[in-house]
Amino acid sequence: DGSEIQGALAEWTADGSEIQGALAEWTGQRTVPNVFIGGNHIGGCDSTMNLQGQGKLVPLLTSAGAVSGKSA
Numbered sequence: 021d022g023s024e025i026q027g028a029l030a031e032w033t034a035d036g037s038e039i040q041g042a043l044a045e046w047t048g049q050r051t052v053p054n055v056f057i058g059g060n061h062i063g064g065c066d067s068t069m070n071l072q073g074q075g076k077l078v079p080l081l082t083s084a085g086a087v088s089g090k091s092a
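For what it's worth, this note's numbering labels the leading residue of the sequence shown as 21, then goes sequentially.
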């Protein structure tokens, strides 16, 4: 929708299994993407896409300060 994402992408290291283990401990989910918005665990791709389909993703991102709301 033209919103500008103001986030950062995590860089995967050679030790990805350690990262996946930590994610599983924190969230119960080993798979990626493992999405957090405003410090809250959202879930994976399906959960994120469901939020988008329901029109709830951009408001969550906006309230977290992750999008500016400006059109490109």
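C-beta atoms are modelled at their ideal positions from N, C-alpha and C, and glycine is treated no differently.
Note that this is a predicted model, so its numbers are computed, not measured.
Endpoints, alpha helix (DSSP H) assigned at residue i
{"i": "N70", "result": "65-73"}
{"i": "V78", "result": "77-83"}
{"i": "S37", "result": "36-47"}
Residue i - DSSP class collapsed to helix/strand/coil
{"i": "V52", "result": "coil"}
Environment of residue i [buried if 16+ CB atoms lie within 10 Å]
{"i": "G58", "result": "exposed"}
{"i": "N70", "result": "exposed"}
Please confirm if the segment 42-58 is in contact with the segment 66-80, defined as three or more CB-CB distances below 8 Å between the two stretches.
yes
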